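Notes follow the structure.
2 protein chains.
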Amino acid sequence: MKVIDGSVTAPKGFLAAGAAVGIKKGVKDLALIKSEVPAVCAACFTTNVVKAASVLRNIEILKCGGKISGIAVNSGNANACTGELGKKSNEEMAKAYADAIGVTAESVLTASTGVIGAEFPIDTVREGVKKTAPTLGYSRENSLLAAEAIMTTDTYSKEVAVQIEIGGKTVTIGGIAKGSGMIHPNMATMLAFITTDCNIEKEMLQKALSEDIEVTYNMVSVDGDTSTNDTVVVLANGLAGNEVIDGDTEEYKAFKSALHYVNERLAKNLVRDGEGATKFIEVNVAGAKTCGDAKIIAKSVVCSSLVKAAMFGEDANWGRVLCAMGYSGVKFDPEKVDIVFKSAKGDILLMDNGTPVNFDEGKAADILSEKEITVNIKISEGNECAAAWGCDLSYDYVKINGDYRS
Amino acid sequence: MKVIDGSVTAPKGFLAAGAAVGIKKGVKDLALIKSEVPAVCAACFTTNVVKAASVLRNIEILKCGGKISGIAVNSGNANACTGELGKKSNEEMAKAYADAIGVTAESVLTASTGVIGAEFPIDTVREGVKKTAPTLGYSRENSLLAAEAIMTTDTYSKEVAVQIEIGGKTVTIGGIAKGSGMIHPNMATMLAFITTDCNIEKEMLQKALSEDIEVTYNMVSVDGDTSTNDTVVVLANGLAGNEVIDGDTEEYKAFKSALHYVNERLAKNLVRDGEGATKFIEVNVAGAKTCGDAKIIAKSVVCSSLVKAAMFGEDANWGRVLCAMGYSGVKFDPEKVDIVFKSAKGDILLMDNGTPVNFDEGKAADILSEKEITVNIKISEGNECAAAWGCDLSYDYVKINGDYRS
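Going down the list, the sequences are from chains A and H. Residue 479 in this note's numbering sits at position 271 of the first sequence, with consecutive numbering throughout. Residue 421 in this note's numbering sits at position 213 of the second sequence, with consecutive numbering throughout.
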């Protein structure tokens, strides 16, 4: 597998555009993605009972099983909790994009992110789509514009692309994502759009995506809130020309592994750019009875406000790690736990087989002064492991979220 | 029912003491409670898998069913995650107090709060207990000293006392509590000690307590972390002279209702004093199918970091309320939801039967400028309701928890 420059326009036959159309003040707020031939589509959406208009519509469209030609995405307004009017506006947004690229409305998906509950500025969006569609293009620059246009409180755009060989053909996968606030296990406010020229059946594409989000996007946490708009969409247009992947073959495994790289890279970047985050935290749990247990413990630690605040304060408070493990709901013997904190500066054992280690505070402080911290946990219940990613809790998180609407 | 001044020394036959014995630097850190006759005892402890030495010991002692004569409590060191040595130290702490008041170690409970994982300073505690026990007294001042001695990052002591008439006798209930950080549903780091001269059977006392914590201490949230040390203990010494309460009688109901007042008052004060809190938030949910559903939704809203941060910023972001309801796990129709924000300055309808209301931002800001905010939520699934209490998320929360150990 080769990591290459670019993102959604890297695979064959995909175009993108991004522009400032006036939903937000003076910054890019509309992204368009198009496949020159209809693509099979797999997607995963928020588990929140309250779903944005775009999510409800996408679910209905994908139920019908047709191919997808394009995705229109706006930032600045989530079009969620907006009632019947919001649904109508969302339909119009899809229709405007479909008309602009000459396809049916049913072959277009939509996504929205931004403020919840504010009326959707459909006139602005309709005009914006009309004006931006002609700028759709295949270039590296086009994908960057799209990546920038889906940002809300993100401080940088997230892009990734990889290439693999499948049956002698070069298959490319590219993706863009936005995250920042409300990122949490269970697909919190995040959008990810992935394109690939791989030739793959819809069922296998959905299987690869559904399984992979469980160990990527669903293992990150910024603040524990799950949003109304979360969406991950993969479009596969088949233009790489590989023989169709229609079962659990070696080719499928190669594709899934590349897709995993794309998803993990995007997921980690969402966390790195968590609202107000100053540190990236990886929590590894080993020795669990089941994979599910390992995931629950890892998430519990990475989601703990007290662990997050301790990381911000560069305080080697391993007691909070053990405490968060303890209330995770998973049973384990607290007297057989190892806890290690690690960074580029080295590693330090803090709890050894259930016994607190009299550690060197100076060394611990030095390790925690780094931007990327790993917490390695070992319990003694079995052989399963899992990883979760999060960020610290800073003053700026509170600042950003205390006054988001203004 | 009459609310009276005082707390744990208000009921007949209870003594208390509080002193600075050197576990912390120059502030009170040891509290003692004593009943002049052995008392029946009910208690609830943390659900965390990782339990402090004192919690493990108390559970064992209460299993035996004997009466309790005293409780020794220290702040400054949680004696949690401290291995075998911690357990031994805890035994010694109990023995020191039992010796000092001339009872067996099995009739003494202990509790600890403070830093997790640090070695327990048993010599200091032993000496402290010996020196402080002779100061045990019945006065109002004695109970205040005890209330102050159990504080950690609390900014004020929490005390309450009430009186009721049962069968012509005056029954008094008094309580002290400490909370602040890590307060969360499921008995997070909080200690509450309640004394009463009521004559009541152990089983009925435990029933009253177990049921009541579900709608009081377990409905508050500061930050979502559940601690290793949470303890609520009620001692009933029978000195009020009422006929023994041994079944689900009118007298039991009167006692339970008074106990509820004590618990709710203490629970709300824990939240008001949440680390860095600037606002008190009450969330009421009505129209749920079951009481359990109502509680889950209320807790989900009150625990949301985004709702908390919006309250801190005095931002009427009702979308975050609906969003937190949506990911609570309870099914409801988002198109039949009412949301009202309320304070001493008035109330404002933000969502009416699933439709966003075009509300007056000035009025909303005025309402949210108050220190006590109520969020009233109505869904249309049934007739059950619940309340939960929390505080906002401020810069100071991060500051306090970023560097707690130093």
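No residue lacks a Cβ here, since even glycine has one placed at the ideal position from N, Cα and C. None of these values were measured; they are calculated from a predicted model.
One finds V258, A288, C289, I324, G325, T436 in chain H with Cβ atoms closer than 9 Å to the Cβ of A:L530, taken in chain order. Here the alpha carbon of A:A308 sits roughly 15 Å from the alpha carbon of A:V245. Taking 8 Å as the threshold, the shortest C-beta distance from H:T563 to chain A falls below it.
At least 8 Å separates the beta-carbon of A:A462 from that of A:E592.
Between the alpha carbons of A:I276 and A:K220 lies a gap of roughly 16 Å. Interface with chain H (8 Å Cβ-Cβ cutoff): A:P219 is excluded. Just so you know, the alpha carbons of H:T378 and H:I372 end up roughly 6 Å apart.
DSSP places A:T403 in the uninterrupted beta strand (DSSP E) bounded by 399 to 404. In terms of CA proximity to A:I547, A:I587 leads the group A:I587, A:T318, A:F253, A:V441.
Secondary structure note for A:L474: it is in no beta strand (DSSP E), and the uninterrupted alpha helix (DSSP H) holding it is 458 to 480.
Rounded to the nearest angstrom, the Cβ distance from H:S602 to H:T486 is 5 Å, consistent with a contact under 8 Å. Chain H places a beta carbon closer than 8 Å to that of A:M533, counting this residue as a contact. Residue-level contact check: A:K539 touches chain H, since one or more beta carbons of chain H fall below 8 Å from its beta carbon. DSSP places H:L240 inside the beta strand (DSSP E), whose first and last residues are 238 to 253. When DSSP states are grouped into helix, strand and coil, A:C289 belongs to the coil group. For H:N426, the closest alpha carbon among the candidates H:K410, H:T254, H:V368 is that of H:T254.
One alpha carbon belongs to A:D456, the other to H:A475, and they sit about 55 Å apart.
Below the 7 Å Cβ cutoff, chain A contributes no neighbours of H:P329, its closest Cβ being approximately 14 Å away. As computed with DSSP, A:M359 is found in no beta bridge at all. In the DSSP assignment, H:V440 forms a beta bridge with H:C252, H:A400. The C-beta of A:G527 comes closer than 8 Å to at least one C-beta of chain H. Residues of chain H whose Cβ lies closer than 7 Å to the Cβ of A:P246 do not exist; the shortest such Cβ separation is about 33 Å. At a C-beta separation below 8 Å, H:P342 has no neighbours in chain A, since its nearest C-beta there lies roughly 34 Å away. For H:C593, no pairing in a beta bridge is given by DSSP. An exposed status is given to A:P342, since fewer than 16 other beta-carbon atoms sit within 10 Å of its beta-carbon. H:V509 and A:D213 have their alpha carbons spaced roughly 42 Å apart. For A:M398 against A:L478, the beta-carbon gap comes to about 6 Å, under 8 Å, which counts as contact.
Its chain contains A225, A227, V229, L238, L240 as the residues whose beta carbon lies nearer than 7 Å to that of H:T340, once the 5 sequence neighbours on both sides are disregarded; these appear in chain order.
Per DSSP, reduced to three states, the secondary structure at A:E578 is coil, with no helix or strand assignment. A:T436 sits buried, since 16 or more C-beta atoms from the chains shown fall within 10 Å of its C-beta.
Rounded to whole angstroms, the separation of the alpha carbons of H:R480 and H:N287 is 26 Å. By the Cβ test, the segment 357 to 366 of chain H is not in contact with the segment 297 to 317 of chain H, since fewer than three Cβ pairs between them sit closer than 8 Å. The beta carbon of H:S215 lies closer than 7 Å to those of S351, A355, E367, V368, A369, G382, G383, I384 in the same chain, with the five residues before and after it left out. From the listed residues H:A326, H:A304, H:L443, the smallest Cα separation to H:V337 is found for H:A304.
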